[in-house]
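Residue numbers (UniProt numbering), protein chains in the order written: chain A, 1 to 202; chain B, 1 to 202.
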């Protein structure tokens, strides 16, 4: 069936959303126009405002419309520990897990020389400048456990160590609550290589 | 973690989309702001335009920015057959199945007296007016096979029959390609009640 041009355009635009294909986009477009115009207006207004107002935190570079995000502005957070992640979503996952009380630095993704994405594009120069300016006792590299994430972690580690900063990498191993049977070989190898001696009462 | 107010608002607004909960909305908001601002601008522009321009076809009441939709404006479609559905999405499903060459009438949902939705709210008066004005040989009721859809079909059928229109209801039975084992009892009863004698060569 031929949708009218404006509806077709809307369906195509909605496919910019992550995980949304033509079928879901069509369902969304019809739903918004037929049943929830108020909701559609809210999306237009809040998305337009966010696009014009939301930028990056001056310190950690996460998304925020403020100069400094709520974590960087929180005096109770430990300034001397810096956790480096690839995206605001990763920072969010760590925050939701609880337990971490330090600061963050959010890269704009990972190194990908094939796509022309080098250290400057993801903000490594800014990170290194911060390491030189503030007293960071430990930098925790929490980039993704992918080939690109590992390469990015390795690259940053070398630069930071040269500056005299203590650098750590989050542990790789079997996920908590999973079953060993379903864990992939690479993870198992990491889990064995990273094994720790147990003491009494553990 | 505390998102900044504008990002929070955006995440809440995106939950107006059908099938999108807090987690997916959060993922969408971060993706649009961090990785696809061009796409976000397209969504804002096309949704705003659609909201202001898209209304209903004057004849079948489907969504379109034109006075008459492409089906109503198509001289090759059979004007004397009218298929009544509950939403533009239902019309689309029938069009994608192919085979139907008549016109449509799109109700604004189904009768739901508890929610104060009576015949006028879903456009039954407009449908009956059309039946009196144009020569409809057959009206096919293709409302959903739900309690409300059946009640709506029954109500419309009574009014249309009183106007001397031939009214049919789409068949209820076992879905093509499914396995009998997994078909619910109500559908099986309908399938038995609606059984047809087979001839040679069928």
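Glycine included, each C-beta is placed from N, C-alpha and C at the ideal position.
* **Cross-chain neighbours of residue 69/A in chain B, by beta carbon under 8 Å** => 4
* To do: Within the same chain, show all residues whose beta-carbon is closer than 8 Å to that of residue 206/A, passing over the 5 residues directly before and after it, in chain order.
  => Residue 206/A lies beyond the range of chain A shown here (1 to 202); nothing can be said about it.
* In terms of alpha-carbon separation, which member of 40/B, 152/B, 101/B lies closest to residue 108/B? -> 152/B
* **Alpha-carbon to alpha-carbon, residue 50/B and residue 24/A** => 17 Å
* **Contacts that residue 43/B makes with chain A (C-beta to C-beta distance below 7 Å)** => 13, 14, 16, 47
* Asked: Out of curiosity, what's the CA-to-CA distance linking residue 3/A and residue 35/B?
  -> 29 Å
* Under 7 Å between beta-carbons, which chain A residues line up against residue 152/B? List them in chain order, please. => Result: empty, since nearest Cβ-Cβ is about 16 Å, beyond 7 Å.
* To do: Just the C-alpha distance for residue 82/B and residue 95/B, rounded to the nearest angstrom, thanks.
  => 13 Å
* To do: Give the residues of chain B in contact with residue 28/A, contact being defined as C-beta atoms less than 9 Å apart.
  => 17, 18, 19, 20
* Asked: Three or more beta-carbon pairs under 8 Å between the segment 159-168 of chain B and the segment 123-135 of chain B, yes or no?
  -> yes
* To do: Excluding the 5 residues preceding and the 5 following residue 91/B in the sequence, name in chain order all residues of the same chain whose CB lies nearer than 7 Å to its CB.
  => 62, 85, 104, 106
* Within the present structure, is the beta-carbon of residue 20/A separated from the nearest heavy atom of the ligand COA by less than 6 Å? -> The model on display carries no ligand, and the ligand COA is accordingly not part of it.
* Give me the Cα-Cα distance between residue 200/A and residue 156/A, rounded to the nearest whole angstrom. => 37 Å
* Whole-angstrom distance between residue 168/B and residue 141/B, CA atom to CA atom -> 6 Å
* **residue 114/B, buried or exposed, once every other Cβ within 10 Å from all chains shown has been counted against 16** => exposed
* To do: Report the residues of the segment 82-101 of chain B with a CB closer than 8 Å to any CB of chain A, ordered along the chain.
  => 87, 88, 89, 91, 92, 95, 96
* **Touching by the beta-carbon criterion (3+ pairs, under 8 Å), the segment 4-22 of chain A and the segment 38-47 of chain B** => yes
* To do: Say whether chain B places a C-beta atom closer than 7 Å to the C-beta of residue 158/A.
  => no
* Length of the line joining the Cα atoms of residue 143/B and residue 111/B -> 11 Å
* Asked: Does DSSP put residue 76/B in a helix, a strand or coil?
  -> coil
* Report the option in 192/A, 60/A, 189/A, 147/A whose CA atom is closest to the CA atom of residue 127/A. => 60/A
* Are any of the Cβ atoms in chain A nearer than 7 Å to that of residue 107/B? -> no
* Asked: Name the DSSP beta bridge partners of residue 112/B, please?
  -> 117/B
* **For residue 173/B, three-class secondary structure by DSSP** => coil
* **Nearest residue (CA-CA) to residue 33/B, options 58/A, 135/A, 52/A, 20/A** => 52/A
* Any C-beta of chain B sitting closer than 7 Å to the C-beta of residue 36/A? -> yes
* Near-chain A residues of the segment 53-78 of chain B - C-beta to any C-beta below 8 Å -> 53, 54, 63, 64, 65, 66, 69, 70, 71
* **Interface residues of chain B facing residue 118/A [CB-CB closer than 7 Å]** => In chain order: nothing, as chain B lies at least about 18 Å away.
* Residue from 102/A, 101/A, 148/A, 191/A with nearest C-alpha to residue 118/A -> 148/A
* Between residue 101/B and the rest of its own chain, which residues show a CB-CB distance below 8 Å, the 5 nearest in sequence each way excluded? -> 76, 77, 78, 81
* Three-state secondary structure (DSSP) of residue 49/A -> helix
* **Contact with chain B by residue 39/A, beta-carbon distance below 7 Å** => yes
* Asked: List, in order along the chain, the chain A residues whose C-beta lies closer than 7 Å to that of residue 7/B?
  -> 50, 54, 63
* **Coarse secondary structure for residue 19/B, derived from DSSP in three states** => coil
* residue 141/B versus chain A: which residues are under 8 Å apart at the beta carbon? -> In chain order: nothing, as chain A lies at least about 20 Å away.
* Asked: What residues of chain B sit near residue 10/A, judged by a beta carbon separation below 7 Å?
  -> 46, 47, 50
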